[in-house]
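FYI, in the numbering used here the residues of the sequence shown are 2 to 490. Below: the structure, in structure tokens.
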Amino acid sequence: MEKDVPIVVVKEVGKSYGTVEALKEVSFVVERGEIFGLIGPDGAGKSTLFRILTTLLLADKGTATIGGLDVATDYKQIRTKVGYMPGRFSLYQDLSVEENLEFFATVFHTTVQENYDLIKDIYQQIEPFRKRRAGALSGGMKQKLALSCALIHKPDILFLDEPTTGVDPVSRKEFWQMLRNLREQGITIVVSTPIMDEARQCDRIAFINHGKIHGIDTPERILQQFASILCPPSLEREEVRHETAPVIEVEQLTKCFGNFTAVDHISFQVNRGEIFGFLGANGAGKTTAMRMLCGLSKPTSGIGKVAGYDIFREAEQVKKHIGYMSQKFSLYEDLKVWENIRLFAGIYGMKEQEIERKTEELLERLGLTAERDTLVKSLPVGWKQKLAFSVSIFHEPRIVFLDEPTGGVDPATRRQFWELIYQAADQGITIFVTTHYMDEAEYCNRISIMVDGQIKALDTPARLKQQFGTETMDDVFQQLARGAVRKAD
2 MEKDVPIVVV KEVGKSYGTV EALKEVSFVV ERGEIFGLIG PDGAGKSTLF RILTTLLLAD
62 KGTATIGGLD VATDYKQIRT KVGYMPGRFS LYQDLSVEEN LEFFATVFHT TVQENYDLIK
122 DIYQQIEPFR KRRAGALSGG MKQKLALSCA LIHKPDILFL DEPTTGVDPV SRKEFWQMLR
182 NLREQGITIV VSTPIMDEAR QCDRIAFINH GKIHGIDTPE RILQQFASIL CPPSLEREEV
242 RHETAPVIEV EQLTKCFGNF TAVDHISFQV NRGEIFGFLG ANGAGKTTAM RMLCGLSKPT
302 SGIGKVAGYD IFREAEQVKK HIGYMSQKFS LYEDLKVWEN IRLFAGIYGM KEQEIERKTE
362 ELLERLGLTA ERDTLVKSLP VGWKQKLAFS VSIFHEPRIV FLDEPTGGVD PATRRQFWEL
422 IYQAADQGIT IFVTTHYMDE AEYCNRISIM VDGQIKALDT PARLKQQFGT ETMDDVFQQL
482 ARGAVRKAD
């Protein structure tokens, strides 16, 4: 095939699920050897388009070709020429690193040795953990393994659906360097991402919304044209002052697993109504520390008090006086909206009359009154996220722990979510949040950054930037995280 012939040609592709039009007459081309970005809000149709182009889903109308081959009729040949990383974890969690790689090589009738040169630079970073189960790897390591598996049959084109969701900024930077190296080797890359700094690294991007392509151009032009959705302005906040009594007190808190010290003598305090950012690269010890503070894991040594209760001796009381929301949204997908609210309210011991009254107030405030009988799995991601957060503070806890609550969510939806966080903090609820988005770190009152199980920095965003001589929190994070000694395994 001639080099100047596009590798992907999509013409008026449409796809519906019942009455929902996921894609509406989508048309575009991808040139050989370029990094082409697909950008848009949650539910815009990106994943549906990826599944059609990788021959996993048939379009209702229109045509699409990969390297001149039709996705509907030539799917067997196309599958030998494409690599695909879906949005959800694409590996076998119970297989080891090397077993996953060998399995994918076998599926494509090749061997790891035959194409090792293509993945060598990537795989060497995870090779020390080749006997470890894939499910036990950190986000950054999983990402490198998934990319190696997608490349092992030497594809002509890579389809990557939000490949860096849940991955820390250092690992994200390394990943995009890998993509640039692959492009230099002649591999075409089609990637979707909710992170606009990543979108800027593409050669061209297409903005998709409500199933339609609204523009294709350079990143600068598209991000400027659709700034209200893709690059919303920063939040402004007039902070409400509360008394400065600490609601979290930690002194020399330590957690060991055998000879490994996951959390190494950390000390800090968090005040009422404060938004406290708890940052660190994958494997730094954040999750272990948060589990101790939530009463889910006992410390090896040290002191910790949450809402006035000792995390070692009064773990059950801690659980009753906190709220918690994980990246998975913490909701039951097969329950209706009102059933989720009622379930969690009952778990927290709220009274029947109070539950009924507050449920109606919450539905009205979130604009979900018409969706009260809708199954949660049918809601858009942004609505699920707002509902999960509202449910986590429904019982009016003194503290709410948010573990990467906006992972994989588009910028406009993330901004709306932080408006809810500000409202909760203004009411006196303390927010303890982990995030891999450094623009969100700027919204926190104070930030701690963990490296190798220890807190290496703790201050306001402004003072940290001044201390490290940088203009952004991303630069502060990169400086500290790159000094890590232990691997993010």
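Idealized CB from N, CA, C, for every residue including glycine. Here the structure is a predicted model, which is why all the values come from computation and not from measurement.
| Item | Value |
| --- | --- |
| According to the neighbour-count rule (16 or more other Cβ atoms, all chains shown, within 10 Å of its Cβ), is residue 385 buried or exposed? | buried |
| Three-state secondary structure (DSSP) at residue 227? | coil |
| Using a threshold of 7 Å, state whether the C-beta atoms of residue 308 and residue 392 are closer than that. | no |
| May I ask you to report which of helix, strand or coil DSSP gives residue 489? | Legend: pLDDT at residue 489 = 47, less than 50; position of this residue unreliable, value from coordinates given subsequently. The answer is coil: DSSP assigns residue 489 none of H, G, I, E or B. |
| Would you mind sorting residue 57 into buried or exposed? The rule is 16 or more other CB atoms within 10 Å of its CB. | exposed |
| Which residue wins for smallest C-alpha separation from residue 13, given the options 34, 50 and 363? | 50 |
| Pair every Cβ in the region 34 to 47 with every Cβ in the region 174 to 194, then say whether three or more of these pairs are closer than 8 Å. | yes |
| Which one of 465, 320, 423 and 120 has the shortest CA to CA distance from residue 396? | 320 |
| Suppose contacts are defined by Cβ-Cβ distances below 7 Å. Is residue 283 in contact with residue 454 by that definition? | no |
| Where do the N-terminal and C-terminal ends of the alpha helix (DSSP H) with residue 49 fall, by residue? | 47 to 54 |
| If you run the structure through DSSP and keep just helix, strand and coil, what is residue 257? | strand |
| Using a Cβ-Cβ cutoff of less than 8 Å, which residues in the same chain neighbour residue 246 once the five nearest sequence positions on both sides are dropped? | 272 and 273 |
| Using a Cβ-Cβ cutoff of less than 8 Å, which residues in the same chain neighbour residue 257 once the five nearest sequence positions on both sides are dropped? | 263 and 301 |
| Going by DSSP, what residue range makes up the beta strand (DSSP E) through residue 281? | 276 to 281 |
| Going by DSSP in three states, residue 415 sits in which element: helix, strand or coil? | helix |
| Within 10 angstroms of the Cβ of residue 387, are there 16 or more other Cβ atoms? Answer buried if so, exposed if not. | buried |
| Here's the rule: buried if 16 or more other CB atoms are within 10 angstroms of the residue's CB, otherwise exposed. What is residue 305? | buried |
| Would you mind stating whether residue 55 and residue 227 have Cβ atoms separated by less than 7 Å? | no |
| Enumerate, from N- to C-terminal direction, the unbroken beta strand (DSSP E) stretches of 3 or more residues contained entirely within the region 301 to 365. | 302 to 307 and 323 to 326 |
| Please report the residue range of the alpha helix (DSSP H) in which residue 210 lies. | Careful: residue 210 lies outside any alpha helix (DSSP H), inside the beta strand (DSSP E) at 205 to 210. |
| From residue 96 to residue 128, what does the alpha carbon distance come to, in whole angstroms? | 15 Å |
| Can you say whether residue 145 is buried or exposed, counting buried as having 16 or more other CB atoms within 10 angstroms of its CB? | buried |
| How big is the Cα-Cα spacing for residue 178 and residue 116? | 20 Å |
| Starting from residue 117, follow the alpha helix (DSSP H) in both directions and report where the run begins and ends. | 117 to 124 |
| Using only the alpha-carbon positions, how far apart do residue 229 and residue 87 sit? | 27 Å |
| Which runs of the beta strand (DSSP E) fall wholly inside the region 139 to 185 and span at least 3 residues, in chain order? | 158 to 162 |
| In angstroms, rounded to a whole number, what distance separates the CA positions of residue 231 and residue 411? | 7 Å |
| Identify which residue in 327, 325, 297 and 326 has its Cα closest to the Cα of residue 314. | 297 |
| Are the beta-carbon atoms belonging to residue 209 and residue 413 less than 7 Å from one another? | no |
| The beta strand (DSSP E) with residue 431 in it runs from where to where? | 431 to 435 |
| How about the region 276 to 291 and the region 426 to 439: do they share at least three Cβ pairs that are nearer than 8 Å? | yes |
| From residue 34 to residue 198, what distance separates their C-alpha atoms? | 21 Å |
| May I ask which residues mark the beginning and end of the alpha helix (DSSP H) holding residue 79? | 76 to 80 |
| If you follow the alpha helix (DSSP H) that residue 108 is part of, which residue opens it and which one closes it? | 98 to 108 |
| By how many angstroms is the C-alpha of residue 417 removed from the C-alpha of residue 318? | 32 Å |
| Looking at the secondary structure, which residues open and close the alpha helix (DSSP H) in which residue 477 lies? | 474 to 482 |
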